[in-house]
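**Q** Top line first, the protein sequences correspond to chains B and Z. The opening residue of the first sequence carries number 297 in my numbering; numbering runs sequentially from there. The opening residue of the second sequence carries number 2 in my numbering; numbering runs sequentially from there. Don't be surprised by glycine CBs; every beta carbon is placed ideally from N, CA and C.
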Amino acid sequence: MTRNTPVEGIDPVAEVEMPNLPGRARAIHPGLVMRVRGRFVRLRGLRRQPAGVLRWLAVLGPGLVAGAVSNDAGSIATYSQAGAKFGYDMLWIIVLITVSLAVVQEMSARLGAATGRGLLDLIRERFGIGWALLAVLVVMVANFGLVLGEFVGIGAGMELFGVSKYLAVPVAAGLVWYLVTGGNYNRVERIFMLMAATFLTYPVAALLSHPHLPDIARGAFVPTVRLDPAYMALLVGLIGTTISPYQQVFQQSAVVERGSARHHYGPERWDTYAGMVFSGLVSVFIIIATAATLHLSGKTDLNSAADAAKALQPVAGNAAGFLFGTGLVGASLMAAAILPISTAFSVAEAFGLPKGIGLSLRRAPVFFGLFTLLLVLGAGLSLIPGIPVFQFLVWVQMLNGVLLPVILVFMLLLINDRRLMGELINTRLYNVLGWATCVLIVVSVAFVLLQQTLGLMGVRFP
Amino acid sequence: MAMLSDLLRRKLIDERGREARLGDLAVDLSAGDYPPVTYLTWRLPGKTQLRAPWGAVRGVRSGGRVLRLDDLEGGEPVQEDWLAQAVLLKRDILDALVLDLRDRTALRANDLWLEEDDGGFSLCAVDASLGAVARRLSGGRIARNARRGLHDWKYTEFLRGDPQAARAGRDYHGLIGRLPAGEIANLADALPYLHAAELVTLLPDTKAADTLESMMAERQLQVFEELAPEQARRLLTLMRSDIVADLLGRLEPERARYWLEHMPRAQYDRVLRLLRYPEDTAGGIMTNDMVVLREDLTVGEALALLREQLKRPDFINFIQMVFVVDDEAGRRLRGVMSLRDLLVADDGRKLAEVMDPYIVTLAPLETASSAARRVIDNELTGLPVVGPEGKLLGVVTVDSALVLATAAGWGGREAPRLFS
Numbered sequence: 297m298t299r300n301t302p303v304e305g306i307d308p309v310a311e312v313e314m315p316n317l318p319g320r321a322r323a324i325h326p327g328l329v330m331r332v333r334g335r336f337v338r339l340r341g342l343r344r345q346p347a348g349v350l351r352w353l354a355v356l357g358p359g360l361v362a363g364a365v366s367n368d369a370g371s372i373a374t375y376s377q378a379g380a381k382f383g384y385d386m387l388w389i390i391v392l393i394t395v396s397l398a399v400v401q402e403m404s405a406r407l408g409a410a411t412g413r414g415l416l417d418l419i420r421e422r423f424g425i426g427w428a429l430l431a432v433l434v435v436m437v438a439n440f441g442l443v444l445g446e447f448v449g450i451g452a453g454m455e456l457f458g459v460s461k462y463l464a465v466p467v468a469a470g471l472v473w474y475l476v477t478g479g480n481y482n483r484v485e486r487i488f489m490l491m492a493a494t495f496l497t498y499p500v501a502a503l504l505s506h507p508h509l510p511d512i513a514r515g516a517f518v519p520t521v522r523l524d525p526a527y528m529a530l531l532v533g534l535i536g537t538t539i540s541p542y543q544q545v546f547q548q549s550a551v552v553e554r555g556s557a558r559h560h561y562g563p564e565r566w567d568t569y570a571g572m573v574f575s576g577l578v579s580v581f582i583i584i585a586t587a588a589t590l591h592l593s594g595k596t597d598l599n600s601a602a603d604a605a606k607a608l609q610p611v612a613g614n615a616a617g618f619l620f621g622t623g624l625v626g627a628s629l630m631a632a633a634i635l636p637i638s639t640a641f642s643v644a645e646a647f648g649l650p651k652g653i654g655l656s657l658r659r660a661p662v663f664f665g666l667f668t669l670l671l672v673l674g675a676g677l678s679l680i681p682g683i684p685v686f687q688f689l690v691w692v693q694m695l696n697g698v699l700l701p702v703i704l705v706f707m708l709l710l711i712n713d714r715r716l717m718g719e720l721i722n723t724r725l726y727n728v729l730g731w732a733t734c735v736l737i738v739v740s741v742a743f744v745l746l747q748q749t750l751g752l753m754g755v756r757f758p
Numbered sequence: 002m003a004m005l006s007d008l009l010r011r012k013l014i015d016e017r018g019r020e021a022r023l024g025d026l027a028v029d030l031s032a033g034d035y036p037p038v039t040y041l042t043w044r045l046p047g048k049t050q051l052r053a054p055w056g057a058v059r060g061v062r063s064g065g066r067v068l069r070l071d072d073l074e075g076g077e078p079v080q081e082d083w084l085a086q087a088v089l090l091k092r093d094i095l096d097a098l099v100l101d102l103r104d105r106t107a108l109r110a111n112d113l114w115l116e117e118d119d120g121g122f123s124l125c126a127v128d129a130s131l132g133a134v135a136r137r138l139s140g141g142r143i144a145r146n147a148r149r150g151l152h153d154w155k156y157t158e159f160l161r162g163d164p165q166a167a168r169a170g171r172d173y174h175g176l177i178g179r180l181p182a183g184e185i186a187n188l189a190d191a192l193p194y195l196h197a198a199e200l201v202t203l204l205p206d207t208k209a210a211d212t213l214e215s216m217m218a219e220r221q222l223q224v225f226e227e228l229a230p231e232q233a234r235r236l237l238t239l240m241r242s243d244i245v246a247d248l249l250g251r252l253e254p255e256r257a258r259y260w261l262e263h264m265p266r267a268q269y270d271r272v273l274r275l276l277r278y279p280e281d282t283a284g285g286i287m288t289n290d291m292v293v294l295r296e297d298l299t300v301g302e303a304l305a306l307l308r309e310q311l312k313r314p315d316f317i318n319f320i321q322m323v324f325v326v327d328d329e330a331g332r333r334l335r336g337v338m339s340l341r342d343l344l345v346a347d348d349g350r351k352l353a354e355v356m357d358p359y360i361v362t363l364a365p366l367e368t369a370s371s372a373a374r375r376v377i378d379n380e381l382t383g384l385p386v387v388g389p390e391g392k393l394l395g396v397v398t399v400d401s402a403l404v405l406a407t408a409a410g411w412g413g414r415e416a417p418r419l420f421s
């Protein structure tokens, strides 16, 4: 504090002691020199396009994180299952799906940026209440399946540490409820993210397991279509886990929340693409790691988390179980917090009910009720004794695959509406890719449904 | 009384027994608090859309399932430009966002309540309840009558989600301008950004500028970029210089240059001086729209001068403190006094005699957080920022300090930010 006593003849202000300048202040923001009104001025914060590596990091950052953490319990299970059962044979599907995923996610981001509104909000206004209800039901069913899957994942992950799931799951549900409603979630999200980051050891595991490169290349670029039920079902599961309805809704809300305006949509696109390519790479590595270890050693049916964890043995040896468990619990906790809250948010958005963590239970009963219900039911049902954990996780992803086309059709209709999108309306290329994705998914889903139904009646198809 | 969902299920029947489904109802939003239904539209099989004034409807029974008209084929064909101009209840208002100005909330119009008088209908309330959703989905079998969640139309503002509509002079209730700017800004923060921009477009300039000042930073930027250039320019002139500097600092450099070149000279000078300092320093959070007076003025002269300055529309803002300097060119800070001290001092005395020469000052490159803490610790309405030679640069006001302090204090309470 500088308090100067005025003395006769001494300027009280001139001798003000300069407080210690922060060392970096003068140096940072070197400022932009710009010619304004005929003279050059040096300005501080005027945004400059960062150059070189920084530019890429800034653009890629958020997308990379999103891509890395989008692998929750169900995804890990599905990719592991694919690798264990069919070796490298399903890699080409991942390559195709990643392209579709990038297209679909980019459209979600664009819808969000152009309209500043959530997907269900737009469906409600464009197609009326009946269709909005359909979309809400789809999102609710798909997301509930995922929530259930996350708790199954938490249970399975904790059992690797020797903790009973009957203890771990209720505690986890309570913790998530407390963190989110108490507004403390953001503080711990980083811990969950760090835990989930252990899945980044999959690429290392894949390399250390000495995979056979020509086999990988063949698997990735030569399509091998098998029509047997197990393969087709897993295929739909892979689609469902990679492009899930939840992700479309979430991506759009995230873009809206980040507050990007339609005039600056450009860079977002690359962010999305980069994130999706990264997410595709992670899936590829998981499949390679499991294929090179489990599939080759003849272990083609995964029944528990302990089985799946073996894929990490090249990295962690006997600690593979711990590593896998940490990642599984972290990723599942993160998803178990975000999924119910974003579901409740979407439903409230579609029906125009009060929503938001900031409100009280009394002011937003439906919002909080739905959030709590999803958690309680999800945690409760996941404790049913004797469910085949890994099979179950894959089923949930299949359900997502089945429901996905509904959301995709809405998206494609909305994004071709010039009144909504203006300049950002879909181009022909995007329409072709989008509708092709949609049709292919519908065909494979229909095929699998038919196959499974006939299978139940004892008929083999084809 | 009738719900719109119920009306829309009614059949139109004419004298010759032809039938059609009611298509939509047009209302005149500008006609008072409860806009009357002016036209109804329908479509005969294989024909274009037709319309007739509501007066053409012969029998309307509240409980009945039909509306009678003379001749369904005799309606006027609906013109494109009429469709573009008209406000149609089903197309435009049902399912759209509506603001309740009493609750300060944004609602979704799940159903609309029309009141019947003299054979006409007028729009009276918005039903935002879950019951209305059930009513519409069940075809009117569940929750026939609205009981809760009704919002009086008199206190609502209907937005189209398109700033262009507001610029084109389409009909609005226009009540929104009666709310204080801070409340409008809170509403705008909660709305989709195109709605927020539409809202700001509707406001008179001074209120729009205040509203824009109070908005969250990202939302402010989004809304600003949607405004018509002419309005944007006027608002930049009216807004506080520090907020303008922050706003321009977040624009693309080319856009920022455009606005710097197109704002009035005085505002340009102030903004440019603020833009020199990095954002996270005292210089970056200070404002320089404040009262600066020469020390050799008498109190009477100072008051007269101040009065003149405050009458100018672009000289605004921080008037709680008066900063006394040696002369206008050098602007070396000699002392400060509160506006209250200036008002109660004897007219004949010089400012140098009545000012408080004990000054706590901030340096421009001090970190913003330490500057904010010092302002709050000193329990003053602001602290002057002074350059190396004692030159007065600006003032960090207690409001900017609080914004920083609360951002740090409340930051942790943000739930997943997406859904707060």
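Identify every run of the alpha helix (DSSP H) within the stretch 105-147 of chain Z, keeping only runs that are complete inside it and at least 4 residues long; order them along the chain.
**A** For the stretch 105-147 of chain Z, whole alpha helix (DSSP H) runs of length 4 or above, ordered along the chain, are 131-138.
**Q** From Z:Asp290, Z:Val337, Z:Asp243, pick the residue whose C-alpha is nearest to that of aspartate 280 of chain Z; which is it?
**A** Per the sequence presented here, residue 280 of chain Z reads as glutamate, with aspartate not at that position. Checking every option, the nearest Cα to that of glutamate 280 of chain Z belongs to Z:Asp243.
**Q** Taking Cβ-Cβ distances shorter than 8 Å, what residues in chain Z pair up with phenylalanine 647 of chain B?
**A** Result: Arg109, Asn111, Leu131, Val134.
**Q** Considering only C-alpha positions, which residue in the set Z:Gly183, Z:Arg161, Z:Leu180 is nearest to tyrosine 173 of chain Z?
**A** Minimum Cα distance to tyrosine 173 of chain Z is reached at Z:Arg161.
**Q** For valine 551 of chain B, would you say it is in contact with chain C, using Cβ-to-Cβ distances shorter than 7 Å as the test?
**A** As a matter of chain content, chain C is missing from the structure shown, whose protein chains are B and Z.
**Q** Alpha carbon to alpha carbon, how far is methionine 4 of chain Z from leucine 203 of chain Z?
**A** C-alpha separation (whole angstroms): 29 Å.
**Q** Report buried or exposed for histidine 196 of chain Z, applying the criterion of at least 16 other Cβ atoms within 10 angstroms of its Cβ.
**A** Answer is buried; the Cβ neighbour count reaches 16.
**Q** Does chain B have any CB closer than 7 Å to the CB of tyrosine 173 of chain Z?
**A** No, no contact with chain B.
**Q** Taking one C-beta from the stretch 392-411 of chain B and one from the stretch 610-622 of chain B each time, how about it: are there three or more such pairs within less than 8 Å?
**A** Verdict: no, contact absent.
**Q** Within the continuous beta strand (DSSP E) that includes glutamate 158 of chain Z, where are the two ends?
**A** 157-159 is the extent of the beta strand (DSSP E) around glutamate 158 of chain Z.
**Q** Mind checking valine 432 of chain Z: buried by the 16 CB within 10 Å criterion, or exposed?
**A** There is simply no residue 432 of chain Z to check, as chain Z begins at 2 and stops at 421 in what is shown.
**Q** Expressed to the nearest angstrom, what Euclidean distance is found between the alpha-carbon atoms of glutamate 645 of chain B and glycine 414 of chain B?
**A** Those two C-alpha atoms are separated by around 8 Å.
**Q** Helix, strand or coil, according to DSSP, for arginine 658 of chain B in the structure here?
**A** The answer is coil: DSSP assigns arginine 658 of chain B none of H, G, I, E or B.
**Q** Residue range of the beta strand (DSSP E) that phenylalanine 324 of chain Z falls in?
**A** Start and end: 319-326.
**Q** Do you know how far the Cα of glutamine 268 of chain Z is from the Cα of aspartate 347 of chain Z?
**A** Distance between the alpha carbons of aspartate 347 of chain Z and glutamine 268 of chain Z is about 33 Å.
**Q** Have a look at the DSSP bridge pairing and note the partners of glutamine 50 of chain Z.
**A** Note: glutamine 50 of chain Z sits in a beta bridge opposite Z:Arg44.
**Q** Residue ranges of each alpha helix (DSSP H) run of no fewer than 4 residues wholly in the stretch 698-751 of chain B, ordered along the chain?
**A** With a minimum length of 4 residues, the continuous alpha helix (DSSP H) runs that stay inside the stretch 698-751 of chain B are 714-717.
**Q** Figure out for me which residue from B:Leu746, B:Leu708, B:Ser740 has the closest Cα to the Cα of tryptophan 731 of chain B.
**A** Closest by alpha carbon: B:Leu708.
**Q** Contact criterion: CB-CB distance below 7 Å. Does aspartate 153 of chain Z meet it with respect to chain B?
**A** For aspartate 153 of chain Z, the answer is no, since every Cβ of chain B falls outside 7 Å of its Cβ.
**Q** Please decide whether isoleucine 419 of chain B counts as near chain Z, where near means a Cβ-Cβ distance under 7 Å.
**A** Taking Cβ atoms only, chain Z never reaches closer than 7 Å to isoleucine 419 of chain B, which makes this a no.
**Q** Just checking: is the beta-carbon of glutamine 268 of chain Z within a distance shorter than 7 Å of some beta-carbon in chain B?
**A** Output row for glutamine 268 of chain Z: interface = no.
**Q** Could you pull out every residue in the same chain whose Cβ sits closer than 8 Å to the Cβ of aspartate 71 of chain Z, ignoring the five residues on either side in sequence?
**A** The answer, listed in chain order, is Asp15, Glu16, Ala57, Arg59.
**Q** Just list the residues that DSSP pairs histidine 152 of chain Z with in beta bridges.
**A** Partner(s): Z:Val127.
**Q** Within this structure, are the beta carbons of alanine 431 of chain B and isoleucine 583 of chain B separated by less than 7 Å?
**A** No, the Cβ-Cβ distance between alanine 431 of chain B and isoleucine 583 of chain B is not below 7 Å.
**Q** Could one say the Cβ of glycine 412 of chain B lies closer than 7 Å to chain Z's Cβ atoms, at least one of them?
**A** True, the Cβ-Cβ gap to chain Z drops below 7 Å.
**Q** For chain B, check one thing: does any of its Cβ atoms lie closer than 7 Å to the Cβ of proline 230 of chain Z?
**A** Answer no: the Cβ-Cβ gap between proline 230 of chain Z and chain B never drops below 7 Å.
**Q** Work out the CA separation of phenylalanine 647 of chain B and aspartate 25 of chain Z for me, nearest whole Å.
**A** Cα to Cα, aspartate 25 of chain Z sits roughly 22 Å from phenylalanine 647 of chain B.
**Q** In the structure shown, what three-state DSSP assignment does aspartate 101 of chain Z receive?
**A** Aspartate 101 of chain Z falls in the strand class under three-state DSSP.
**Q** For a contact meaning CB atoms closer than 9 Å, what does glycine 426 of chain B contact in chain Z?
**A** Within 9 Å Cβ-Cβ: Arg137, Leu138.
**Q** What is the residue span of the alpha helix (DSSP H) that proline 525 of chain B lies within?
**A** Residues 525-538.
**Q** Please report the straight-line C-alpha distance between aspartate 101 of chain Z and leucine 180 of chain Z, rounded to a whole angstrom.
**A** In a straight line, the C-alpha of aspartate 101 of chain Z is about 11 Å away from that of leucine 180 of chain Z.
**Q** Any contact between the stretch 679-686 of chain B and the stretch 593-606 of chain B? By contact I mean 3 or more CB pairs, one from each, below 8 Å.
**A** Yes: the two stretches touch, three or more of their Cβ pairs being nearer than 8 Å.
**Q** Can you check the stretch 350-390 of chain Z for any beta strand (DSSP E) of at least 3 residues that lies completely inside it and give the ranges in chain order?
**A** The stretch 350-390 of chain Z contains these whole beta strand (DSSP E) runs: 383-387.
**Q** How long is the line joining the alpha carbons of arginine 142 of chain Z and leucine 124 of chain Z, rounded to whole angstroms?
**A** Answer to the nearest angstrom: the Cα atoms are 22 Å apart.
**Q** Hey, methionine 694 of chain B and valine 532 of chain B: beta-carbon distance below 7 Å or not?
**A** Taking 7 Å as the Cβ cut-off, methionine 694 of chain B and valine 532 of chain B qualify as a contacting pair.
**Q** DSSP state of glycine 331 of chain Z, grouped into three classes?
**A** Residue state, collapsed to three classes: coil.
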